[in-house]
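>
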Amino acid sequence: MEIPARTNIVDLRSRAGDQASELLAGVRAATLRTLPGVLANVLDRADDALFDFVQKSSSSIEQQEYFDTMRELRRQRSVIEQRYREQIGVSFSALGRGQPLVVRCAPKSEAEPTLSLVAADELDEQLAAEQLAGALERRHSGPLQLLDKKLAIVAKVETLGPATNPAGPGHVVNALRVALEGIVPALPPRLVLYKIYERDVQNVLATLYAEINRLLIDVSIVDPIAAARARQRDVPKSPKYPSQYAVPAQNTVPDYGHNQAGTAGYGGGSGAGYAPASQDIDELLPTLRALLGEYRSARQASEPPAHARGPMMDVHGTLNTLSRLQGDLPQVVRRAIDDPTASLSMLLKQEVLRQAEQMGLTGPKSRLDERGEESLELVGMLFDALLGQRNFESGTRDQMARMVVPYAKASLLDQQMFGMKSHPARRLLNTVAEACDGNRGETSAERELLGRVEGTVDRLVSEFNEDLAIFSELDVELRSFFDQHKQRVELTERRATEAQRGKERLDEARAMANSELASLMGGRNPPPAIEQFLTHYWTHHIAVVALRDGVESSRFQLARDAGEQLWTAFLGSENGTPRPVDLRDHLVRVLTSSGVTGVSADETVGAIEWVLQALRLGRVEAARSRNLPSVESVASSQSAASEPTVAAAVASPAVGALPIAAETSADATTSATPTAEAAAPVLGVVGGTATLAYDPEDVIKVKALVVGNWVEFIGADGVPQPAKLSWISPISSRLLFVNRRGMRLCASSAEELAEQMKLGNLHLRSADSAFERAMTQVLGKLRDAAPVKH
Numbered sequence: 144m145e146i147p148a149r150t151n152i153v154d155l156r157s158r159a160g161d162q163a164s165e166l167l168a169g170v171r172a173a174t175l176r177t178l179p180g181v182l183a184n185v186l187d188r189a190d191d192a193l194f195d196f197v198q199k200s201s202s203s204i205e206q207q208e209y210f211d212t213m214r215e216l217r218r219q220r221s222v223i224e225q226r227y228r229e230q231i232g233v234s235f236s237a238l239g240r241g242q243p244l245v246v247r248c249a250p251k252s253e254a255e256p257t258l259s260l261v262a263a264d265e266l267d268e269q270l271a272a273e274q275l276a277g278a279l280e281r282r283h284s285g286p287l288q289l290l291d292k293k294l295a296i297v298a299k300v301e302t303l304g305p306a307t308n309p310a311g312p313g314h315v316v317n318a319l320r321v322a323l324e325g326i327v328p329a330l331p332p333r334l335v336l337y338k339i340y341e342r343d344v345q346n347v348l349a350t351l352y353a354e355i356n357r358l359l360i361d362v363s364i365v366d367p368i369a370a371a372r373a374r375q376r377d378v379p380k381s382p383k384y385p386s387q388y389a390v391p392a393q394n395t396v397p398d399y400g401h402n403q404a405g406t407a408g409y410g411g412g413s414g415a416g417y418a419p420a421s422q423d424i425d426e427l428l429p430t431l432r433a434l435l436g437e438y439r440s441a442r443q444a445s446e447p448p449a450h451a452r453g454p455m456m457d458v459h460g461t462l463n464t465l466s467r468l469q470g471d472l473p474q475v476v477r478r479a480i481d482d483p484t485a486s487l488s489m490l491l492k493q494e495v496l497r498q499a500e501q502m503g504l505t506g507p508k509s510r511l512d513e514r515g516e517e518s519l520e521l522v523g524m525l526f527d528a529l530l531g532q533r534n535f536e537s538g539t540r541d542q543m544a545r546m547v548v549p550y551a552k553a554s555l556l557d558q559q560m561f562g563m564k565s566h567p568a569r570r571l572l573n574t575v576a577e578a579c580d581g582n583r584g585e586t587s588a589e590r591e592l593l594g595r596v597e598g599t600v601d602r603l604v605s606e607f608n609e610d611l612a613i614f615s616e617l618d619v620e621l622r623s624f625f626d627q628h629k630q631r632v633e634l635t636e637r638r639a640t641e642a643q644r645g646k647e648r649l650d651e652a653r654a655m656a657n658s659e660l661a662s663l664m665g666g667r668n669p670p671p672a673i674e675q676f677l678t679h680y681w682t683h684h685i686a687v688v689a690l691r692d693g694v695e696s697s698r699f700q701l702a703r704d705a706g707e708q709l710w711t712a713f714l715g716s717e718n719g720t721p722r723p724v725d726l727r728d729h730l731v732r733v734l735t736s737s738g739v740t741g742v743s744a745d746e747t748v749g750a751i752e753w754v755l756q757a758l759r760l761g762r763v764e765a766a767r768s769r770n771l772p773s774v775e776s777v778a779s780s781q782s783a784a785s786e787p788t789v790a791a792a793v794a795s796p797a798v799g800a801l802p803i804a805a806e807t808s809a810d811a812t813t814s815a816t817p818t819a820e821a822a823a824p825v826l827g828v829v830g831g832t833a834t835l836a837y838d839p840e841d842v843i844k845v846k847a848l849v850v851g852n853w854v855e856f857i858g859a860d861g862v863p864q865p866a867k868l869s870w871i872s873p874i875s876s877r878l879l880f881v882n883r884r885g886m887r888l889c890a891s892s893a894e895e896l897a898e899q900m901k902l903g904n905l906h907l908r909s910a911d912s913a914f915e916r917a918m919t920q921v922l923g924k925l926r927d928a929a930p931v932k933h
């Protein structure tokens, strides 16, 4: 008879539901016992903190906001504390039902399918809350990872994360937001309260998470941090490679510790290390290694025999040498930044061997072993390609050059960096490159972003010590800040898209109005007053009505009838027929649409009536000598008057509530030219496509672009400017591109863009990230350098 093994680990999935409920109730009680005390401390200290800001503020409005907040916090303290506790309770109740609440940190305009703009105060508060939640998540990532997994098992839900765990950072911050809602309306005092809350809650959470994890100690999951350490201890040591430098086995992927789990794109929270999906594996690496092998074999065949027989330095020695170089990159390597003819791979290998000889790790004429040679070659080529891109400023290239040695070490430790799309080192490099791509530090936001990049590189250089988890940690921190920066950029981008959409709808409405005018007049040449009224007033009126109510509406039909009534009156006057009695009402309605009212409207309608009367009496020459009063001044001011009118029309619910800043018709002639936002105009083609010289294959490539794709426009100075495809017009099929700040760069047809490709002024990016683009260049160079096979 087989005796089952004894264990003190309990699998809650096989236990009765009441025990899970008891555990969840215990977690809820511990949370409600701990967190309300934090809020109480915040409210206790709020008076002093807010009064300090009153003294520092020079604005009487801000001072009054701080005083109002102090009064409301004292008066409604019990309400705030009750809301806080209730919100935490609501979160736990939802988890108990198996439907955990998701905290939405993103602005409403991003989470909801609408293009309405978010108030600046609302956006600032959302960004502050998101930043606080992210900081708490990073500070407590290890205990949180374990807590998320255990609570998910207890609550019988698939996964939990910082935004769904009722004790997680998202809900901890959201409880404060809900508690203060409506009581503290002004933004500056709310941000002060957030700051006090951050200082108090971060230390309390460490105690709370430890207590909850002790309550859930019997829940049957494996601590991934402990599992990672156990796997590291179990790696057999070899004489050649110490365990920490062990070469990963074929088809295995290393574990990056607690920083990797629970991070978006890093495995989705699997309990036992990283298990990448099939689409996560990059097919570049096998091809890269094969081409690199041919390249190195051909080069070694041409080397002197004495050099080929030199002693080899192993991975351990190479890593030690790189660690010495990490803090202070040698000038000989820095030279490769500005010298396109210098090989960073060759200079890096030479410097490693020279330093190793000085350290006594190897002797003269030594060489790297196969793994070291391959790693330094790949990293050198990678950064050669990155540093050669002219859309990076010189300061950015300096920062990237400082990353060469840490990445060389990372490649030695784990060459899966070249074979796994979501490898943390690869993600960090992509984040740094994306943050710096086209960033010239022209605004305070761009300069702050570059400062964050510099701080990230500083930490990588100073803290990386053969623990690859640092790449994940730095990427999460930089990406969190960069995402906040992009949220502001996306608001600008939406405004640019809305403006372009409004302009195209306005152009379409004007074209329709001109078509109606041509159909109405039928080639006839009426007296100037009638022609001026129809051209300047009536076409504008029906364009606005079409935008606001649509061409199928009764208002549009009424507007159309006004022009037809005037034309019928003109034809009737030639035959002696009196004008219609209600003609004046139609004309006044049309004039009001263009802002012509009162005395001006009376004078204009009087001129029309005089002309019709002259025609009826046979005084044709007199009728043709009369113009409308002030038509020139009306025409010149109509574009300014039409902007708010048309914007209001486009904002009508009947057409989708899309506020725009309407552009004048002259913009249509420059739609293929980037605005003054660009450093220099890169496109100059206008008009139709009949005279354009382009390759039809390029048109197909342009039309294959989807919203979100990036391209590069090449300026007159040869410097590429990154541009994002933001919108494709369903009316004209024009493609709207915005720059890195979300501002309109150009709106052009596929044929116009294809011609710019032929002229070399436009490049389509073949890959989405900097790493993939650089490695594609490396592959091209290796193929070109490969020996010809006969």
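In this note's numbering, the protein residues as written are 144 to 933. Just so it is clear, CB atoms sit at the ideal spot from N, CA and C, and this is done for glycine as well. Quick caveat, the model's predicted, so the values are computed rather than measured.
(1) Would Gly861 pass as an interface residue toward chain B - the criterion being a Cβ-Cβ separation below 7 Å?
(2) Compare the C-alpha of Arg569 against each of Ala189, Asp838, Val547 and Asp191 and name the closest.
(3) Taking buried to mean at least 16 other C-beta atoms within 10 Å of its own C-beta, is Ala168 buried or exposed?
(4) Who are the near neighbours of Leu287 in its chain, counting only those whose CB is closer than 8 Å to its CB and skipping five residues on each side?
(5) Does DSSP put Arg176 in a helix, a strand or coil?
(6) Which complete alpha helix (DSSP H) runs does the region 193 to 232 hold, if anything under 4 residues is left out?
(7) Could you check the C-alpha separation between Ala913 and Leu529 for me, to the nearest Å?
(8) Indicate the three-state DSSP secondary structure (helix, strand or coil) for Gln864 in the structure shown.
(9) Assign Val315 to buried or exposed, taking buried as 16 or more other Cβ atoms, counted over all protein chains shown, within 10 Å of its Cβ.
(10) Which full runs of the alpha helix (DSSP H) of 4+ residues lie inside the region 547 to 634, going along the chain?
(11) Thinking C-beta only, is Leu555 closer than 7 Å to Ser518?
(12) Among Gln219, Arg220, Leu244 and Ser221, which one has its Cα closest to the Cα of Ile231?
(13) Counting only the same chain and skipping the five closest in sequence on each side, list residues whose C-beta sits under 7 Å from that of Pro723.
(14) Measure the C-alpha to C-alpha separation of Val733 and Ile843 and round it to an integer number of angstroms.
(15) Is Pro796 buried or exposed, if buried means 16 or more other CB atoms sit within 10 Å of its CB?
(16) Anyone know if the C-beta pair for Leu660 and Thr682 falls short of 7 Å?
(17) If we count Cβ pairs, one from each stretch, closer than 8 Å, do we get three or more for the region 179 to 198 versus the region 327 to 347?
(18) In three-state DSSP terms, what is Arg510?
(19) How about Gln493 and Arg467: do their beta carbons lie closer than 7 Å?
(20) Curious, which full-length alpha helix (DSSP H) runs of at least 4 residues does the region 456 to 500 contain?
(21) Can you tell me whether DSSP reads Ile685 as helix, strand or coil?
(22) Would Arg217 be called buried (16 or more neighbouring beta carbons within 10 Å of its own) or exposed?
(23) Kindly confirm or deny that the region 630 to 642 and the region 880 to 889 touch, where touching means at least three C-beta pairs closer than 8 Å.
(24) Leaving out five residues on either side along the sequence, give the residues of the same chain with a beta carbon under 8 Å from the beta carbon of Arg432.
(25) Classify Phe880: buried if its beta carbon has 16 or more other beta carbons within 10 angstroms, exposed otherwise.
(26) Is the CB-CB distance between Val687 and Ser623 below 7 Å?
(27) Please classify Gly594 as buried or exposed, where buried requires at least 16 neighbouring CB atoms within 10 angstroms.
(28) Look up Ile360 in the DSSP assignment and say whether it is helix, strand or coil.
(29) Sort out for me which residues DSSP pairs Leu905 with in a bridge.
(30) Just confirm the distance between the C-beta atoms of Val170 and Leu294, as a whole number of angstroms; I'd bet it's less than 8 Å.
(31) Hey, would you say Ser891 sits closer than 7 Å to Glu636, going by beta carbons?
(32) Grouping DSSP H, G and I as helix and E and B as strand, with all else coil, what is Ser869?
(33) Mind reading off the beta-carbon distance from Tyr209 to Leu186? Whole number of angstroms is fine, and I expect it under 8 Å.
(34) Closest by CA to Gly706, which one among Ala766, Val754 and Ala656?
(35) Roughly how far, in whole angstroms, is the beta-carbon of Ala766 from the beta-carbon of Val754, given that I think they are within contact range, below 8 Å?
So, from the listed chains and residues:
(1) Any reference to chain B falls outside this structure, which holds one protein chain only.
(2) Val547
(3) exposed
(4) Glu280, Pro305, Asn308, Gly311, Pro312, Tyr352 and Gly405
(5) helix
(6) 203 to 218
(7) 7 Å
(8) strand
(9) buried
(10) 547 to 556, 567 to 579 and 587 to 606
(11) yes
(12) Leu244
(13) Gln708 and Ala712
(14) 45 Å
(15) Because the pLDDT at Pro796 is just 34, under 50, the model does not fix this residue reliably, and the point stays unresolved.
(16) yes
(17) yes
(18) strand
(19) no
(20) 458 to 469 and 474 to 481
(21) helix
(22) exposed
(23) yes
(24) Glu517
(25) buried
(26) no
(27) exposed
(28) coil
(29) Phe856
(30) 7 Å
(31) no
(32) strand
(33) Not confirmed; about 15 Å, so no contact.
(34) Ala656
(35) 5 Å
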